[in-house]
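Numbering (full-length UniProt numbering), first residue to last: 1 to 301. Here a beta-carbon is modelled for each residue, glycine too, at the ideal position from N, C-alpha and C. Since this is a predicted model, take the numbers as computed values, not measurements. Presented below is the structure to which this report refers.
Listed below in structure tokens is the structure:
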């Protein structure tokens, strides 16, 4: 039985379970160790190897000095914040770094006292869990489709799209030359060059690329890298050029939240329709439901 046939068989078994027993079945599937070896596929291992390679080329905060505005915004946040790239560091890895004294989950609210508060973590990349949810449950079959990741950074969306989907082309548009170089390094090492291309550019120069995209992904893409006027300009450019009817837009956070603090002429009801997602379909253990719920899917009208 090939992968697609096995997947259909499992889904058929789940759908064929009586409604009264379905919650218990899903709970067992999420928590049993029987599936541990099955869910850790070769593709998962490959992505984890890429993450390890990237960690070896980055400081622990996974930010370059060339990201001046992002670093400044994090430092100006009203509460202490730390950037922890979710693609590079899962919760277990963060725990090990904390045990080694290389990272902390909390800060002292009153120097010299025992009063502490949890640090706020921010990531500009999807975690492995979020990437699998995105490609296996959020997006449809991408055979022959073009995916554009706006602000591709480390390339996590591109690499996951290569191994988890049949997208014909995956484009990453990234302004930072340091990150473009890292992505190119991984693309060459893992032989992704046939389907992945990194474009070192401002997205506002890439109208034709956006116009041909079937899927556009935007994860925390502008807030920490542009001032509000530039954010508004970038969003209006996106809304003007992502217009292929039926194409899909994936955002974190929601469009409503991203645009709420900006002055734009974008009329969401005339541009997109939100597609409701089922966050219960992801059945692996240690699901971060809150993280998954930050992922929003829209269909272009």
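- If you draw a straight line from the Cα of residue 272 to the Cα of residue 300, it is about 5 Å long.
- By the Cβ-count criterion, residue 295 is buried, with 16 or more other Cβ atoms from all chains shown falling within 10 Å of its own Cβ.
- Assignment of residue 45 by DSSP, reduced to helix, strand and coil, places it in the helix class.
- For residue 89, there is no enclosing alpha helix (DSSP H), as DSSP marks it with neither H nor E.
- In the structure shown, residue 157 adopts helical secondary structure according to DSSP, grouped into three states.
- Residue pairing by DSSP places residue 149 opposite 172, 217 in a beta bridge.
- Within 10 angstroms of the beta-carbon of residue 144 lie fewer than 16 other beta-carbons, which makes it exposed.
- The beta carbon of residue 24 sits closer than 8 Å to none of the beta carbons in its chain outside the five residues before and after it.
- Taking C-beta separations shorter than 8 Å and ignoring five residues to either side along the sequence, the partners of residue 138 in its chain run 250, 277, 295, 297, following chain order.
- A Cβ-Cβ distance of about 20 Å is found for the pair residue 248 and residue 199, leaving them out of contact under the 8 Å criterion.
- Taken atom to atom, the span from the alpha-carbon of residue 180 to that of residue 221 is near 15 Å.
- Pairing residue 66 with residue 176 gives a Cβ-Cβ distance under 9 Å.
- Fewer than three beta-carbon pairs drawn from the segment 184-200 and the segment 227-245 are found closer than 8 Å, and the two stretches are therefore not classed as touching.
- Annotated as proximal: residue 125 and residue 62, with beta-carbon spacing under 9 Å.
- Taking 9 Å as the cut-off, the beta carbon of residue 292 is found no closer than this to the beta carbon of residue 46.
- Looking from the CA of residue 60, the closest CA among 89, 168, 213, 48 belongs to 89.
- Secondary structure of residue 205 (DSSP, three-state): helix.
- For residue 238, the enclosing alpha helix (DSSP H) covers residues 228-241.
- Take the alpha-carbon of residue 268 and the one of residue 42: they are about 40 Å apart.
- A direct Cα-Cα distance of roughly 32 Å separates residue 149 from residue 9.
- As a beta-bridge residue in DSSP terms, residue 167 pairs with 143.
- Around residue 253, the same chain offers 294 as residues with beta carbons nearer than 6 Å, after the five sequence neighbours per side are excluded.
- Take residue 182, set aside five residues on each side of it, and the residues of its chain with a beta-carbon closer than 8 Å to its own are 54, 57, 58, 154, 155, in chain order.
- In the three-state DSSP reduction, residue 273 falls in the strand class (E or B).
- Taking each of 230, 173, 227, 225 in turn and checking the Cα distance to residue 207, the smallest one comes out for 173.
- DSSP links residue 249 through a beta bridge to 216, 298.
- For residue 197, the enclosing beta strand (DSSP E) covers residues 196-200.
- Following the DSSP letters along the chain, one finds residue 27 inside the alpha helix (DSSP H) bounded by residues 22-31.
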